[in-house]
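Colleague: The sequence shown runs 29 to 377 under my numbering. Glycine residues also receive a C-beta, built at the ideal position from the N, C-alpha and C atoms. Computed from a prediction, not measured in an experiment: that's the story for all the values here. Quick one: this structure, given as structure tokens, is what I'll be asking you about.
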Amino acid sequence: MELTIGITGINAVDSPGPGVAVARSIVAARGDSVNLIGLAYDAIDPGLFDRELFRAGYLLPYPREGRDALLRRLQTVQEKTPLDVLIPTLDSEMQNFAEIEGELKEMGVRMFIPSMEQIAARSKSNLAKLGEEHGFAVPQTVTVYDPGRLPAAADNLGYPLLVKGIYYEAYLCHDLAQVQSYAALIARKWGYPILLQEYLEGEEFNAAAIGDGKGHLVGLLGMKKILLTDKGKGWAGVSIRNPRLEELTRQFVETTRWKGALEMETLLARRDGQLYILEINPRFPAWIYLSVAAGNNLPDLYVDLALGNPISPATEYQVGKLFTHYTIDLIGEISQLDSLLTKGEIHYR
């Protein structure tokens, strides 16, 4: 059966979204038996112009416009290009997709994503509470809802510290002037609240995983970054086995009965030897194509889970597989950009 799969997060820029990596992973497993449809928020998102990967592309309303606007747009997409499976890959959109999951299923569109409650529980502002409830180590974090409260919150936490947005971005700060400057920068993009988090020195380890929604870890890949961008994002990394990382990921999936993909970002702290959870992202990471090379293609497993197909757990994989991001030029026509700006869609075949 030929499947049509919609994928978001195809903004393959200096801090790439996961969508292109997810798409490449699915093609690696299923070849020409799938039609991939790019779903983007900006007409210039690079993935929209990758005609070798995507057969069509559609613009979606920005997440801040809410679930109803998203549902209306997807109803239009479904009338023109019926989707069998949809894979959301961005933090900022996950709540909207969770809210319309039932309506999408009635339309014939299947997803395999966490519930609204699960998404909220692992949010950056609630992660410390989740850690207390389940015994996970989480850096001390303060949620600030008003810029006037930044000085006191920063003094109580102590320097250096991290200033984080509710969805994206994190900056290391050594004094109040930096805190206020970076908080203002983040707030212009994402608004308040702003998070202040204690800064821990140590070694970072990441895991991509999939939970089956019943407490079972069915997909796992450990990774260590070996090259970072100026924003602290991993530009290159290698697949690893780390028993403590794997056990922590398994415990999180079991205790929360997590459903769908996740990225676990952790740090082994020098000060006390504890493995701290820095973030839990409710989607695939941008480096997920590494799972193809490691032999446990997690996006392909996601598709089977969304369709309700029988699966075999993909928790064994090869270590020592290296990934590095790179950039290429995609060539298109100005008429294609015009189609996206005026019609909100583009079709290649």
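Per the DSSP calculation, Thr-32 is bridged to which residue(s)?
Modeller: Paired residue(s): Asn-63.
Colleague: Distance check for Thr-117 and Phe-312, CA to CA, integer angstroms please.
Modeller: Each residue's alpha carbon lies about 6 Å from the other.
Colleague: Give the DSSP-derived three-state secondary structure of Trp-286 in the structure shown.
Modeller: Note: Trp-286 maps to coil in three-state DSSP.
Colleague: To the nearest angstrom, how far is the alpha carbon of Ala-289 from that of Val-113?
Modeller: About 14 Å.
Colleague: Smallest Cα separation from Tyr-330: which of Ala-40, Glu-30, Ser-53?
Modeller: Checking every option, the nearest Cα to that of Tyr-330 belongs to Ser-53.
Colleague: Considering only the alpha carbon of each residue, which of Val-172, Trp-263, Leu-248, Gly-247 lies closest to Ile-254?
Modeller: Ranking Val-172, Trp-263, Leu-248, Gly-247 by Cα distance to Ile-254 puts Trp-263 first.
Colleague: Between which two residues does the beta strand (DSSP E) holding His-375 run?
Modeller: Its beta strand (DSSP E) spans residues 373–375.
Colleague: Give a yes or no on whether the C-beta atoms belonging to Leu-368 and Leu-76 are separated by under 8 Å.
Modeller: For Leu-368 and Leu-76, yes; Cβs fall inside 8 Å.
Colleague: Just to confirm my understanding: we take Ser-319, look at its own chain, exclude 5 residues before and 5 after, and list those with CB closer than 6 Å. What are they?
Modeller: Cβ within range, chain order: Leu-249, Asn-325, Leu-326.
Colleague: Among the residues of its own chain, which have a CB less than 6 Å from the CB of Glu-291, if the five just before and after it don't count?
Modeller: The answer, listed in chain order, is Ala-236, Asn-309, Pro-313.
Colleague: Just reading off the alpha helix (DSSP H) that Glu-127 is part of, what are its end residues?
Modeller: Counting along the chain, the alpha helix (DSSP H) containing Glu-127 begins and ends at 119–127.
Colleague: Let me know the secondary structure DSSP gives Gln-302 once reduced to three states.
Modeller: In this structure, Gln-302 counts as coil in the three-state DSSP scheme.
Colleague: Taking all protein chains shown into account, do 16 or more other C-beta atoms lie within 10 angstroms of the C-beta of Leu-200, making it buried, or fewer, making it exposed?
Modeller: Exposed is the call here.
Colleague: How about the segment 199–215 and the segment 167–180: do they share at least three Cβ pairs that are nearer than 8 Å?
Modeller: The segment 199–215 is in contact with the segment 167–180.
Colleague: Skipping 5 residues on each side, what residues in its chain have a beta carbon closer than 8 Å to that of Asp-203?
Modeller: Cβ neighbours of Asp-203 beyond the five flanking positions: Tyr-187.
Colleague: Out of Glu-293, Glu-231, His-162, Phe-140, point me to the one whose CA is closest to Glu-282's CA.
Modeller: Measuring from the Cα of Glu-282, the nearest candidate turns out to be His-162.
Colleague: Please classify Ala-205 as buried or exposed, where buried requires at least 16 neighbouring CB atoms within 10 angstroms.
Modeller: Ala-205 comes out exposed.
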